[in-house]
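Have a look at the structure below before the remarks.
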Amino acid sequence: MSSALHRLPLEKPIYQIEDRISQLEAAPVGAQEQEELRRLKRELVEVQKNVFGSLDPWQTVEVARHPNRPKTSDYLSLVFDEFVELHGDKAFGDDPAMLTGFAKLEQHKVLVVGHQKGKTLAERQACHFGCAHPEGYRKAMGKMRLAAKYGLPVICLIDTPGAYPGIGAEERGQAQVIAESMFLMATLPVPIVCAVIGEGGSGGALGIGVGDRVAVLEHAYYSVISPEGCAGILWKSVEFKADAARALRFRSRDLKEFGVIDAVIEEPAGGAHRHPRQMATRLKTWLVRSLRSLVDQPTDTLVAERYEKFRRMGVFLEEAAS
Amino acid sequence: MERRRSPRPSTVTTAVGTASGNSASAGTEPAEVATRPPAKPAESATAPRTKRGVPEGLWQKCEGCGATIYRKEAEEMQNVCPQCGFHWYVSAAQRIAQLLDDGTFEECDANLRPTDPLGFRDKKAYAERIVSEQKRTGMRDAVVTGTGMIRARRVACGVTDSSFIMGSMGSVVGERLTRLVERATAGKLPLIIISASGGGARMHEGILSLMQMAKVSAALARHSQAGGLFISVLTNPTMGGVAASFASLGDLCFAEPRALIGFAGPRTIKATIRVELPKGFQTSEFLLEHGFIDRIVARKDLKSEIARAIDYCGG
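So the sequences go chain by chain: A and B. Per the working numbering, the very first residue in the first sequence carries number 976; after that it's consecutive. Per the working numbering, the very first residue in the second sequence carries number 4; after that it's consecutive.
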């Protein structure tokens, strides 16, 4: 399976072993080879742990953007029992970069909103690589209002490099819709559970990120700006993207430390792209547990606590008032 | 009065191009547009400021039409170019003086100070940048908030200042605005926020800056549910995370003429789609045309326009 994966340079020690395992498994097998295979498999586990346990911030971005990383559409089939897609923003169009629809999560009927990046090149281009347009956020808002009306909890899967930067997007109010979406989510009278599954790119991510519970997968990132964008502005060159990645402190553990997320969902050794099913199971466990803790809360409490959650965010000094 | 498109002299067309062209030299992604405000028009009463690329003294080159303008004359017009009507930079303090009735402003939460939660360092450490920006501008951070009167109507008022790290929103800006909104809700005051934030969400405070967008927006949602009025005034420049949060959430959105307003910076867009951007792209007039602005309001009319809107909305 791993041979079909896109290979990141940082994974070299892993796929070297994986290749040798494949070779051995393909060849006729004697006792000696069996022993060697067992040894290699043990080694593989160790090497995966080491490589993925010591990713630097830029490498984390590479993993978060891995072409084979499970996407919203993968989780829709691996985590949910049913997905009934609902299209369109009833105003301009149907943005493929934003998926919305009814879904079943164990016994819960929910509404899912998620960025979609696409798998094939054609899909990726159609989805603008996961960069939603204003109609995508309008679609999300429309479906969230529907969910509110019928008491369905909302699950948001976040995976975007950022909201689309283009002429049409500006003409149709990219800033306006992101603001409105946060405004809507802030007081939406149903539980909202959000998970950043890959890239949490700036306002485009936060536009569907105002939830009662927010988690980030271990090797996902969530940032005010892309490392390239930040490097371009502050270092005047994209070449410094790794420095920017380090400075921005956007990895899952940092986010937890800053109190902006509730949980880090551990990835299987080797990353979500090597073990999508295992990753989906872990994500599902967290989603179900979060939902269970929210569904019985009175709406007023739910919305008040959501307000307090975001109200606390920020770090500043306050001098004693004179 | 609000759409001064046709009677402009021919220089103005190029001026619009220049306005976005300048900021295009700045950056990428939402949080940017690095136009420094034009060097502060000489207002000797406040802290001295270093001026960049602009001749010191009595004259100033207009960012709009390129004409050399006698500064005093522009100052008498609230920093508006007497030749082309381009609205120059005004500091938060000047803005408050222009907008509120004399002596009515009471600042709130002036005791909040920025810190450096990330230990952020680019070419310069953020901790040092804060100190140097504070020295240069005399401000503690990029916003001033408080209460005061507009033509004898009591309001809660916040103003961001594009000279302090491009008017970007970090924890202090987010917190002061949130407290202002909550104060307006509790006191049933009309809320006015004037944005001059080319920097969007402040990169140097990372994810914490991003979350300020949600925090202020959530406070505005409550304010709205409580029936509170919010008038957002967008001025040059309002970009990125500020445009994509409170600045776009007004019951009424006013914009000063020819301000640069948008989500993604012009340079990011150019780099992404690789075509020339249309003339006047991301200006107030562009937003009005596309339906995102209620009125374009010249600076000289802002006070009376706000007062009138408050009267209509039962303030």
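The C-beta atom is built at its ideal place from N, Cα and C for all residues, glycine as well. All values reported here derive from a predicted model rather than from experimental measurement.
Proximal residues of chain C, C-beta to C-beta of residue i below 7 Å
{"i": "T1095 (chain A)", "result": "Considering every chain present, this structure includes no chain C. Its protein chains are A and B."}
Sequence-distant residues of its chain with Cβ nearer than 7 Å to residue i (five each side left out)
{"i": "A1107 (chain A)", "result": "D1070, A1072, M1073, H1090, T1135, A1138, Y1139, G1179"}
{"i": "L223 (chain B)", "result": "V184, F233, F249, L252"}
{"i": "R98 (chain B)", "result": "V162, I197"}
{"i": "R1120 (chain A)", "result": "none"}
{"i": "R1224 (chain A)", "result": "none"}
{"i": "I309 (chain B)", "result": "I153, I195, I234"}
Residues that residue i bridges to, as DSSP identifies them
{"i": "Y73 (chain B)", "result": "B:W62"}
{"i": "C1169 (chain A)", "result": "A:C1131, A:V1189"}
{"i": "M242 (chain B)", "result": "B:G265"}
{"i": "S1198 (chain A)", "result": "A:G1176"}
{"i": "C160 (chain B)", "result": "B:G149, B:I195"}
{"i": "E109 (chain B)", "result": "B:T150"}
{"i": "R116 (chain B)", "result": "A:L1292"}
{"i": "A1122 (chain A)", "result": "DSSP, once it has assigned bridges, lists no residue as partnering A1122 (chain A)."}
{"i": "T1095 (chain A)", "result": "Answer is none; T1095 (chain A) lacks a bridge partner."}
{"i": "T286 (chain B)", "result": "B:L263"}
{"i": "R298 (chain B)", "result": "B:F257"}
Neighbour-count burial assignment, residue i, 16 or more Cβ in a 10 Å radius
{"i": "T71 (chain B)", "result": "exposed"}
{"i": "V83 (chain B)", "result": "buried"}
{"i": "S165 (chain B)", "result": "buried"}
{"i": "D1031 (chain A)", "result": "exposed"}
{"i": "P1273 (chain A)", "result": "exposed"}
{"i": "T148 (chain B)", "result": "buried"}
{"i": "K1284 (chain A)", "result": "buried"}
{"i": "V1020 (chain A)", "result": "exposed"}
{"i": "Y92 (chain B)", "result": "buried"}
{"i": "V1004 (chain A)", "result": "exposed"}
{"i": "D125 (chain B)", "result": "buried"}
{"i": "Q228 (chain B)", "result": "exposed"}
{"i": "V278 (chain B)", "result": "exposed"}
{"i": "G24 (chain B)", "result": "Because the pLDDT of G24 (chain B) is 34, which lies under 50, any placement of that residue in the model is unreliable, and the number read from its coordinates should be weighed accordingly. Classification for G24 (chain B): exposed."}
{"i": "D112 (chain B)", "result": "buried"}
{"i": "R205 (chain B)", "result": "buried"}
Cβ separation of residue i and residue j, assumed to be a contact under 8 Å, to the nearest whole Å
{"i": "A1144 (chain A)", "j": "P1109 (chain A)", "result": "6 Å"}
{"i": "V1199 (chain A)", "j": "T118 (chain B)", "result": "Contact doesn't hold; Cβ gap of about 17 Å is too wide."}
{"i": "A1206 (chain A)", "j": "A1219 (chain A)", "result": "4 Å"}
{"i": "T241 (chain B)", "j": "I264 (chain B)", "result": "5 Å"}
{"i": "G1175 (chain A)", "j": "V1191 (chain A)", "result": "7 Å"}
{"i": "Y1282 (chain A)", "j": "R156 (chain B)", "result": "No, Y1282 (chain A) and R156 (chain B) are not in contact; Cβ-Cβ is about 28 Å, not under 8 Å."}
{"i": "L1258 (chain A)", "j": "A1150 (chain A)", "result": "So it is not a contact: roughly 31 Å between Cβ atoms."}
{"i": "S135 (chain B)", "j": "M172 (chain B)", "result": "Between M172 (chain B) and S135 (chain B) the Cβ distance is about 19 Å, and since that is not below 8 Å, they are no contact."}
{"i": "E1153 (chain A)", "j": "G1182 (chain A)", "result": "According to the sequence as given, residue 1153 (chain A) is Ile; it is not Glu. Correct: roughly 4 Å between the Cβ atoms."}
{"i": "F257 (chain B)", "j": "D314 (chain B)", "result": "Contact flag wrong, Cβ pair sits at about 15 Å."}
{"i": "T188 (chain B)", "j": "K218 (chain B)", "result": "About 14 Å separates the two Cβ atoms, so there is no contact after all."}
{"i": "L1132 (chain A)", "j": "V1085 (chain A)", "result": "About 11 Å; that fails the 8 Å criterion."}
{"i": "I996 (chain A)", "j": "L980 (chain A)", "result": "I996 (chain A) to L980 (chain A), Cβ: 14 Å. No contact."}
Alpha helix (DSSP H) segment containing residue i, residue limits
{"i": "I996 (chain A)", "result": "987 to 1001"}
{"i": "I133 (chain B)", "result": "129 to 140"}
{"i": "A1144 (chain A)", "result": "1142 to 1146"}
{"i": "G209 (chain B)", "result": "209 to 228"}
{"i": "R1228 (chain A)", "result": "1227 to 1232"}
{"i": "I99 (chain B)", "result": "95 to 102"}
{"i": "L1258 (chain A)", "result": "1251 to 1270"}
{"i": "R1281 (chain A)", "result": "1274 to 1286"}
Same chain, Cβ closer than 6 Å to residue i, neighbours up to 5 away in sequence not counted
{"i": "D1056 (chain A)", "result": "K1079"}
{"i": "L985 (chain A)", "result": "Q1034"}
{"i": "G1068 (chain A)", "result": "E1110"}
{"i": "R1044 (chain A)", "result": "G1173, A1247, H1248"}
{"i": "Q101 (chain B)", "result": "Q81"}
Continuous beta strand (DSSP E) stretch holding residue i: start and end
{"i": "T150 (chain B)", "result": "146 to 153"}
{"i": "T1035 (chain A)", "result": "Element bounds for T1035 (chain A): not the beta strand (DSSP E) but the alpha helix (DSSP H), 1032 to 1039."}
{"i": "T1075 (chain A)", "result": "1073 to 1080"}
{"i": "F1058 (chain A)", "result": "1057 to 1060"}
{"i": "L255 (chain B)", "result": "255 to 258"}
{"i": "V1213 (chain A)", "result": "Here V1213 (chain A) belongs to no beta strand (DSSP E), and DSSP marks it neither H nor E."}
{"i": "V175 (chain B)", "result": "Note, V175 (chain B): premise wrong, no beta strand (DSSP E); alpha helix (DSSP H) at 174 to 190."}
{"i": "V1087 (chain A)", "result": "1083 to 1090"}
{"i": "I1240 (chain A)", "result": "1238 to 1240"}
Neighbourhood of residue i by C-beta, 8 Å cutoff - its chain only, sequence neighbours within 5 removed
{"i": "L1269 (chain A)", "result": "P1128, P1166, V1168, D1187, R1188, L1277"}
{"i": "L115 (chain B)", "result": "R143, D144, V175, E178, R179"}
{"i": "V1059 (chain A)", "result": "G1076, F1077, A1078"}
{"i": "A1066 (chain A)", "result": "E1110, R1113"}
{"i": "T21 (chain B)", "result": "The pLDDT assigned to T21 (chain B) is 33, lower than 50, so where the model puts this residue is not dependable; a value taken from the coordinates is nonetheless given after this. E66, G67, G69, listed in sequence order."}
Residue i: CB within 7 Å of a non-hydrogen atom of the ligand GDP
{"i": "M206 (chain B)", "result": "By its list of ligands, the structure shown contains no ligand whatsoever, and the ligand GDP lies outside what it can speak to."}
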